[in-house]
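Last residue of the sequence shown? That's 412 in my numbering, and every number before it is there in order. Data block below; observations after.
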Amino acid sequence: MPMRDFDSKDGRMVFAGMDVVDLADRFGTPCYVTDEQRLRENYRNVYKAFSRYMETEVHYACKANTNLAILRVLQQEGAGIDAVSIGEVKACLKAGFSPDKIMYTGVFVSTEELKQVAETGVMINLDSVSEMERLAQIKPGAPVSFRITPGIGSGHGAKVITGNKGAKFGIPKDKVVETYLRAQDLGLNPIGIHAHIGSGGQSVEPFVEEAEVLSELINQIGEAGIDLEFVDIGGGIGVPYKPNEDEMDLGQMASEVTDVFEQNTNVRKIILEPGRYLVCDATILLTRCTDVKDAGTKKYIGVDAGFNTLIRPAMYDSFHYIQNGSKFGKACTAKFDIAGPICETGDYLGHDRVLPEPDEGDVMVVYNAGAYGFSMSSNYNSRPLCAEVLVNNGEAELIREKEQVEEQWRHQIIPERLLR
Ligand code: LLP
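As structure tokens, then:
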């Protein structure tokens, strides 16, 4: 399937049965709006694709969006969690996940965090020999798995490729067997193996290669006397961000990847950790046109969301499709750059987009904003974090209030002597 698009009614965009201009008027802008039904469908798609072949657990990589309501929807669907920090673990416990549904995978983990995570009772996926040694002291007998470095990388850009040789993540391939044996010697209970090759890859092939590497390691570990219960292939399933771009074939990925494990190993349970795939196209970002400017060589649509609200274009040069929700389907007249209110030239949402002539006050809609949108937003330029809304069956509910300017000073202190 190509990228998801939306309906038009009376020249305005309709998202999950709701008029986007009405949503912007009611909740203010910028504002992230999530379609609950789409979120549920995305989860079911992944689960169904893999569970046809193997016992499957889908662990939502919650770094993509940790809003408690979104976590709760996925909890209701039966999802597990991939968490990377004590903050994420606690958010998921608060949203109702039981500890046995959560796997923690940190990198360069502090002993303090490791102790806190161990106390919650979640499964720990170890990233290094040092972390293993420290956990053996903190929680003797703990069931563990290891993140290994498969030597295969995939992703939408260099900053998000994680599985290549020399990466900061995981146990190098040639150290894996000795590490599992050492874990046993230290009194830990190694029961699984994990890898994550990167994020936003659009082809099946790297996942199959990853499965081959993992299978080989599972067998080497088996020959050394340790039988594993599960294999976790990480996340990284890409989604189309451009109108005519095709979606990666999930059915093909599931069939080919599970086939590798079934043919070559006796591990019968697979875990996946999709972040982007579950939330990306379930959410749009609404941002209002504040100013239209003709700079001679370029025309700008100035909007109220900058890279404080959505950093992906500025940080990764990521493409997000953008439409004018107030003039949806109207004739396009010119090319525009869509840029935000941050005082940096690198603050943009899109370059050279062919769009209808805008009016100030129009609601611009940024597509595919659910993954790493709100969760990477910041207070840069002292702008408050924006609101989040959940839409279901024609009803819209606030799931995060817009922050107030004053809340940004909550933890700041002017020393008394400076006030004298
Ligand atoms: N599992 C592990 C161990 C990960 O490190 C990640 C992502 C995932 C799962 C989920 O990957 P996904 O299915 O979402 O591709 N901020 C970047 C993406 C960074 C991903 C980091 N790790 C972006 O906006 O594209």
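The beta-carbon is built from N, C-alpha and C at its ideal position, and this holds for glycine as well.
8 angstroms CB neighbourhood of residue i in its chain, flanking five on each side removed
i	result
residue 133	179, 180, 181
residue 171	121, 124, 138, 163
residue 36	69
residue 376	394, 395, 396, 397, 399, 400
residue 309	149
residue 56	267, 268, 270, 271, 272, 362, 363, 364, 367
residue 47	260, 261, 262
For residue i, the first and last residue of its enclosing alpha helix (DSSP H)
i	result
residue 212	197 to 215
residue 86	78 to 86
residue 19	12 to 19
residue 218	Run containing residue 218: none; DSSP gives neither H nor E here.
residue 124	121 to 130
residue 106	103 to 112
residue 380	Segment 379 to 384 is the beta strand (DSSP E) holding residue 380; no alpha helix (DSSP H) there.
residue 173	168 to 177
The beta strand (DSSP E) enclosing residue i, as first and last residue numbers
i	result
residue 137	135 to 141
residue 182	181 to 186
residue -1	-1 to 1
residue 264	261 to 264
residue 391	387 to 392
residue 400	Per DSSP, residue 400 belongs to no beta strand (DSSP E) and is neither H nor E.
residue 327	326 to 331
residue 48	47 to 53
residue 347	340 to 347
residue 5	4 to 7
Nearest-angstrom Cβ-Cβ length linking residue i and residue j, presumed shorter than 8 angstroms
i	j	result
residue 91	residue 112	6 angstroms
residue 281	residue 352	6 angstroms
Same chain, Cβ closer than 7 angstroms to residue i, five either side skipped, listed in chain order
i	result
residue 190	145, 146, 147, 152, 153, 154, 155, 228
residue 204	252
residue 175	124, 136, 182
residue 269	34, 38, 229, 231
residue 249	199, 200, 203, 225
residue 328	291, 292, 293, 345, 347
Residue i (DSSP reduced to helix, strand or coil)
i	result
residue 29	helix
residue 356	strand
residue 156	coil
residue 22	coil
residue 74	strand
residue 315	strand
residue 250	helix
residue 91	helix
residue 431	There is simply no residue 431 to check, as the chain begins at -7 and stops at 412 in what is shown.
residue 337	coil
residue 190	strand
residue 323	coil
residue 66	helix
Check: residue i C-beta below 6 angstroms from any heavy atom of the ligand ATP
i	result
residue 188	Judged by which ligands are present, the ligand ATP is missing from the structure shown, whose ligands are the ligand LLP.
is_contact[residue i, chain D] using C-beta, thresh 7 angstroms
i	result
residue 262	Protein chains in the displayed structure number just one, and chain D is not present.
Same chain, Cβ closer than 6 angstroms to residue i, five either side skipped, listed in chain order
i	result
residue 256	207
residue 301	22, 369, 378
residue 313	359
residue 415	Nothing about residue 415 can be read from this structure; the chain reaches only from -7 to 412.
residue 117	95, 97, 137, 139, 186
residue 389	382
Quick one: which unbroken beta strand (DSSP E) runs of 3-plus residues sit fully inside the region 271 to 311? Chain order, please. Listed in chain order, the complete beta strand (DSSP E) runs (minimum 3 residues) inside the region 271 to 311 are 275 to 286, 291 to 295.
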